[in-house]
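What follows is a short report on a single structure.
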Amino acid sequence: MPESEAIAKELTIGELSERSGVPASALRFYERQGLIVSRRTAGNQRRYHRSTLRRVAFIRASQSVGMPLSAIGNVLGFLPKDAPPTREFWLRASACWGEEINARIEKMERMRDRFTECIGCGCLSFEQCLLVNPGDRLAEHGPGPRRLLEP
Ligand code: FES
Numbered sequence: 012m013p014e015s016e017a018i019a020k021e022l023t024i025g026e027l028s029e030r031s032g033v034p035a036s037a038l039r040f041y042e043r044q045g046l047i048v049s050r051r052t053a054g055n056q057r058r059y060h061r062s063t064l065r066r067v068a069f070i071r072a073s074q075s076v077g078m079p080l081s082a083i084g085n086v087l088g089f090l091p092k093d094a095p096p097t098r099e100f101w102l103r104a105s106a107c108w109g110e111e112i113n114a115r116i117e118k119m120e121r122m123r124d125r126f127t128e129c130i131g132c133g134c135l136s137f138e139q140c141l142l143v144n145p146g147d148r149l150a151e152h153g154p155g156p157r158r159l160l161e162p
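Residue numbers 12 to 162, in my numbering, belong to the letters of the sequence shown in order.
Okay, structure coming up:
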């Protein structure tokens, strides 16, 4: 395939940065972490396959809901490094992601719904604490705000 045509399917780091909204420094960091890959031109310049845009979008979206890079890397590990991932690959990746995301949604819902009441943190500062956490008995379940941490 002539070089001119391949460029359309490939992006420079500047083009990838502009289209994804992610600084080039972060893209280089993702590459060092093995989350995205590039090829090098004869002039040693990076070229990213266009499908890298979806990987970067996945990384940013996952980070925005608090997913650590290590977990993101595990999921991206499902995807082929050398070919654009198909929809089937993304389905497999999101399947294992689904559980993790559901757990985070539940945690956030608990936080939203329970922060105005006793959270079982041991402070015993609410009247309700005396009812749901008398004598701080929830401390027996472990440290932290037990009523936020447990379903
Ligand atoms: S809010 Fe802290 S023990 Fe109830």
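The beta-carbon is built from N, C-alpha and C at its ideal position, and this holds for glycine as well.
Distance cut-off 6 Å: F126 Cβ against heavy atoms of the ligand FAD: Of the ligands one can find in the structure shown, namely the ligand FES, none is the ligand FAD.
For C140 and P156, which I take to be in contact (beta-carbon distance under 8 Å), what is that distance rounded to the nearest angstrom? C140 to P156, Cβ: 12 Å. No contact.
The ligand FES heavy atom lying under 6 Å from the CB of F137: yes
Taking 7 Å as the cut-off, decide whether the C-beta atoms of R65 and I24 are in contact. no
Nearest by alpha-carbon distance to I47: which of G88, E29 and A19 is it? G88
Is G133 near the ligand FES - that is, is its Cβ less than 6 Å away from at least one heavy atom of it? yes
Tell whether a beta-carbon distance below 7 Å holds between V67 and S31. yes
Given this structure, state the Cα-to-Cα distance separating G45 from G84, to the nearest angstrom. 8 Å
Taking Cβ positions, are L159 and R115 nearer each other than 7 Å? no
Would you report the Cα separation of G77 and T127, rounded to the nearest angstrom? 23 Å
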